[in-house]
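Everything in the sequence shown is counted per my numbering, starting at 3 for the first residue and increasing by one.
All C-beta atoms, glycine included, are put in the ideal place defined by N, C-alpha and C.
Here's the structure, in structure tokens; my notes come after.
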Amino acid sequence: MKLYRPRHGRVFAGVCLAVANRFGWSPTLVRVLTVLSIILPGPQVVIYILLWILIPGEKD
Numbered sequence: 003m004k005l006y007r008p009r010h011g012r013v014f015a016g017v018c019l020a021v022a023n024r025f026g027w028s029p030t031l032v033r034v035l036t037v038l039s040i041i042l043p044g045p046q047v048v049i050y051i052l053l054w055i056l057i058p059g060e061k062d
């Protein structure tokens with residue numbers, strides 16, 4: 003299964019939903035883990051923005 007940002011169900015940019023769909027995880031779990039990881043020091047925000055740019059949107 004390819005990684006893409008769905009049009010429906012997006013809260014912000016759709017990155018967490020794309021990752022959750024790709025690996026069969028709960029979108030809520032991925033969102034919580036993302037928020038928790040942003041609290042910790044590191045490059046998480048930069049990685050999130052890069053994924054937002056690099057993951058293509060869902061096609062019609």
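Boundaries of the alpha helix (DSSP H) in which residue i is found, first to last residue
{"i": "F25", "result": "17-25"}
{"i": "S39", "result": "29-41"}
{"i": "I55", "result": "46-56"}
Presumed contact (8 Å Cβ cut-off) between residue i and residue j, rounded CB distance
{"i": "I40", "j": "V47", "result": "6 Å"}
{"i": "G64", "j": "R7", "result": "The structure shown has nothing for residue 64, since the chain only spans 3 to 62."}
Closest Cα partner of residue i within the set the options
{"i": "I49", "options": "F25, K4, V37", "result": "V37"}
Counting Cβ pairs closer than 8 Å, one from the region 15-25 and one from the region 49-61, do we hit at least three?
-> yes
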